[in-house]
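Here the structure comes first, spelled out in structure tokens, and everything after it is commentary.
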Amino acid sequence: MAQRLTVEEIARELRPYPGRDWMTARIVLSVLLATVIIMALRIPNGWLSIYFSFVFAKPTTRQTFLITTAVVIVVVPVVLLALVLLKYTAEYTWLRLTALAAVLYGAFFLANIMTEGDIVRNLTIIFATALTLPDVYPYPHLWVQGTMWLMPIALAGVIPVMLTTLLIRPERNWPPEHRPPPPKLGIVPDWRSNPAHLVYALKCTFAAMGTYFIYTLLNFQEIQTAMMTCLILALPTTEQIIHKTWLRIGGATVGAGIALFCAIWIIPLSNSIAVLLLAIGVGSTLAAWVALSSPRLSYAGWQMALAQFMMISTAFGPSTDLTVLRDRLLGILLGNIMMGMTFKYLWPEKPSGSTLGKALPLLCVGALAMLFTGCQNTAELAPQSPSRPWRSPEAEKYRLPQQYAHPTVQSYEADHEYTLSELADLAQRNNPKTRIAWEQARAAAAGVGVAQSAYFPELNLIAAAGYEHVPFPLPQNIFSAGFFYSDMAIVRPEVQVSWLLWDFGRREAIEKGAREQSVAQNFAFNALHQQLLFDVCQSYYKLISLRSALAVVTAAQADARLIEKATQSALDQGFATRAELLQTKQQVAQFDFDVSALQADLRKAQVNLCEIVGLDPGQPLRVQDITELPLPDNLDSSVNALVDSALANRPDLSAHVAQLRAAEANVEQVEAQYGPTLAISGNAGPVYSAFNADNTGWVDTFEAEYGGAVVLSLPVFDGGRRQHLKIAAQAEKREVEAVIADARNNAVSEVWEAYTDYENARRQLRSAEALVAASEASQQATLASFEQGFASVTDVQTQQALLIKARESYNQARTDIFLSASLLQFATGQLTAGTVEPEIDRQR
């Protein structure tokens, strides 16, 4: 077993030897050139390029060029193969993970049987990165982009090594006695016959996939550098992996410390790339110097380089985000620990039994973790691209059910001409909003029952069964095997009862709050009915207003056609001009347009009324006109009396009052938590249990089990929870009080506005009646003058426009009276299905 390095041995390893300075300078120059390239071209994951420039700088020129040339040649087909694998495996998580495990196994096997296995492991990072992109990005086009970037990542790492090797040859100033022997490139002779290579690949694959499953199941993709660490730093033999783990962890810690120092004190000094190059140059110098030691210490240098490159090159500008440094360091440590644990504890070097038998538990755990990871991935549930609509393979299951496609309408007759009160009744029966409010009120009423259930005892029937196998260690001088085991089995059905007898008024307060919430919901139900009735009135009167306007414009359209004919006759007799005829045609065309527009508005009003009363727009709905309806009487009540009526009758205000009482009950409930509680509990039932110690035979028993307890609980300290609950409850109570004050002000304002609108509408109607009479007389006089030749077409058109406006004003004023009367009823809380029509509801 290799011994740990002492301080004297570390100092001896770090002493300079001929050529070490030039080798270090060559590596640092390669790293700096790679840094400039990735920053200039903004290559993502640039740490990998920098690390490639570090590890591919081999001790000899020939070895360096052989490896870097091989990377340049192989990287393109490797990326293309990774794209093919991603295309055919990304849709199924289990298949993608199987492909990832197969690639890792092949890479570790080839790396173990080849004399230069580093190149295989490093190129496998391309496959591993591509196959894990679906875990990070949700869209396929990002997977392709991320995979394609792996080509410039690899080239940005090896090209600087080739250039610096031409400038600074490794053999320069290197005495022959210090030069390493020429590498023997190839494959070990026993690669077919020695099963240790297969076992090594299995162990490394288990460790790498284990890190993947750990950070995926934790949903911690930020530490995915763990799997990359397993790939980069897998050593050729089991002994090296086991005994270099702490050395590499120490190197990672030192590298992380250098990166942390640079991120806090160096990089923020300037936006210039020179500062970044200085930080990376100093760190890579230390790492390269250590990496050029003997194999006993060189791995620490590689780990120092990997850690600081991962943690410094996180952005294309000055960055002091320590979160990235923390996550990548955790990933590095996880990868190192997983490799060491796998080789030393999970799968020792000399297992007993067959290789397959020893591997079987680990393979089962890996398969189970793969299953859980596949279940956790939900990327396929979301849309695949932001630029394409989502298509559900199960869209047929989500079509609107038949009972909603054609809803059943109660009390509807297509041939009936509905009055306003009948429309109100139809809306209350069929509008879904009333059922929504009704169900909410029923749910609130059920909440009272839930609160009352706390007064009753709780009875539960429980059945439990279990088995346990437990080993116990013993000294071998007492028990030769060094341990014994016991088996225990139990079956226990029982009845449990618990009853809260006294809780210092907490249940009473909860029940009171539930009752007040139920009352508030009932008042909200009434308020919704009043709002629905007003919506019916508003939509109905709008429909009537548009119908009246259409009748006025249609009559004016007929008059315009008569004027057009008269003007044509006058033109034929020489009493009119061509310009006057064109004016009449223009007016006819304008009336045609106005009629079309009003017909469209009328259809929209019909659709809106159908929606409010719960009908489909395609169903015919005939409504009665208000021409024959008497106008509401003058208001005998003062506005102050109307305000008092609103404050007394509006259900929304009553709902707020109930909510205030519920808030007060909540305060009482919180205050009751300061008091003690008294409860009793008990259980009874048969118990069957059995025991077996070290195969001595089972002994069992079947007896009754019962018990009871009286529990008195007094809260003493809870970290201020009750105090803050009380503060919150009191704040909610004051909030409801403010809401009531605001609702009261709104109610008073609405009554005044409705009262003002009603009085103004009556005055406007009287003015409109006089205006219509005067306009009709003026129109008749102008037409008579036109027939005698004393008035022009322009005069007739002007009088016609004034008459249309007067009639529209009259119709609008008459409709406004009915609408403002309904609004006044709504504002005072007196609007019901029986009071929506004016002949029934007269303000006395």
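If you read the sequence shown in our numbering, its first letter stands for residue 716, the second for the next number, and so on. Ideal placement from N, C-alpha and C gives every residue a C-beta, glycine not left out.
How many angstroms separate the CA atom of residue i from the CA atom of residue j?
i	j	result
A1492	Q1515	11 Å
V664	A1458	The chain is shown from 716 up to 1559; residue 664 falls before or after that span and cannot be answered.
Q1143	H1244	7 Å
N1051	A1405	46 Å
Y1014	I929	25 Å
V1385	S1396	25 Å
M738	P774	8 Å
V990	G996	10 Å
L917	G1016	27 Å
S675	A1488	With the chain covering 716 to 1559 only, the question about residue 675 has no answer from this structure.
L1044	S1102	37 Å
D1433	R1376	27 Å
L1427	L1174	20 Å
A1444	P853	44 Å
D884	F771	A quick correction: the sequence has Arg, not Asp, at residue 884. Spanning the two alpha carbons is a distance of roughly 14 Å.
L1216	P1391	11 Å
Q695	H1131	The question about residue 695 has no answer, for the chain in this structure spans 716 to 1559.
I725	L781	32 Å
D1359	K1227	29 Å
I979	I1027	11 Å
T1070	I964	Reliability of the predicted coordinates at T1070 is poor, the pLDDT of 45 falling under 50, and no value is obtained from them.
S1067	F921	Annotation note: pLDDT 44 at S1067 (below 50); position unreliable, no value reported.
A1370	I1442	24 Å
I981	I788	38 Å
L1286	R1293	7 Å
F1533	F1290	48 Å
F842	V818	7 Å
D736	L729	12 Å
Please work out which residues of its chain come closer than 7 Å, Cβ to Cβ, to residue i, disregarding the five sequence neighbours upstream and downstream, and give them in chain order.
i	result
G1400	R1207, P1208, E1209, V1210, E1420
Y1170	R1222
V851	Q936
M1019	G966, V969, G970, L1001, A1002, V1005
A1548	S1136, A1139, D1140, Q1143, L1248
A1394	S1213, W1214, L1215, L1216, V1426
A1380	A1224, K1227, G1228, E1231
I1341	I1259, F1533
Assuming the contact rule is C-beta atoms closer than 8 Å, residue i and residue j should be a hit. Round their C-beta distance to whole Å, please.
i	j	result
Q939	T847	6 Å
I828	H912	5 Å
V1303	E1279	6 Å
L1346	V1251	With a Cβ gap of about 20 Å, L1346 and V1251 do not count as contacting.
V1328	N1145	6 Å
Y1403	I1205	7 Å
Q1283	D1307	Contact doesn't hold; Cβ gap of about 17 Å is too wide.
L1539	A1469	4 Å
G1544	N1398	Actually they are not in contact, since the Cβ atoms of G1544 and N1398 sit about 56 Å apart, beyond 8 Å.
A1485	S1524	No, A1485 and S1524 are not in contact; Cβ-Cβ is about 11 Å, not under 8 Å.
W1153	F1238	About 13 Å; that fails the 8 Å criterion.
Near residue i, which residues of its chain fall below 6 Å by C-beta distance, leaving aside the five closest residues on each side in sequence?
i	result
Q1374	A1235, V1451
L798	T862
S1263	N1526
V1322	P1332
Q1023	G970, I973, A974, G998
A1179	R1207
A1424	S1396
Within the same chain, show all residues whose beta-carbon is closer than 8 Å to that of residue i, passing over the 5 residues directly before and after it, in chain order.
i	result
I758	I752, S764, W864, P867, I868, A871
A709	Past the boundaries of the shown model lies residue 709; the chain is included only from 716 to 1559, so the question cannot be answered.
L1317	L1258, L1261, R1262, L1265
- Message: Using a Cβ distance threshold of 8 Å, determine whether the stretch 745-762 contacts the stretch 1004-1018, with at least three qualifying pairs required.
- Response: no
- Between the stretch 1456-1475 and the stretch 1409-1429, are three or more C-beta pairs nearer than 8 Å? Verdict: no, contact absent.
- What are the start and end residues of each continuous beta strand (DSSP E) run of 3 or more residues lying completely inside the stretch 1158-1215, in chain order? 1173-1188
- At a cut of 8 Å, does the stretch 781-800 reach the stretch 726-744 through at least three beta carbon pairs? no
- Taking only runs of the alpha helix (DSSP H) that begin and end inside the stretch 734-804, which ones reach a length of at least 4 residues, in chain order? Whole alpha helix (DSSP H) segments, 4+ residues: 735-756, 761-770, 776-804.
- Message: Could you tell me which whole beta strand (DSSP E) segments of length 3 or greater appear in the stretch 1375-1436?
- Response: Every beta strand (DSSP E) stretch that sits fully inside the stretch 1375-1436 and reaches 3 residues is listed by chain position as 1392-1408, 1414-1428.
- Which runs of the beta strand (DSSP E) spanning at least 3 residues fall entirely within the stretch 1332-1372, listed in chain order? none
- Query: Would the stretch 899-908 and the stretch 801-816 be scored as touching if the rule is three or more Cβ pairs under 8 Å?
  - Reply: no
- Task: Count the C-beta pairs between the stretch 1350-1368 and the stretch 1186-1199 that are closer than 8 Å, then say yes if the count reaches three, no if not.
- Result: no
- Query: Which runs of the alpha helix (DSSP H) spanning at least 4 residues fall entirely within the stretch 930-1015, listed in chain order?
  - Reply: Segments of the alpha helix (DSSP H) lying fully in the stretch 930-1015: 940-947, 953-958, 960-976, 988-1006.
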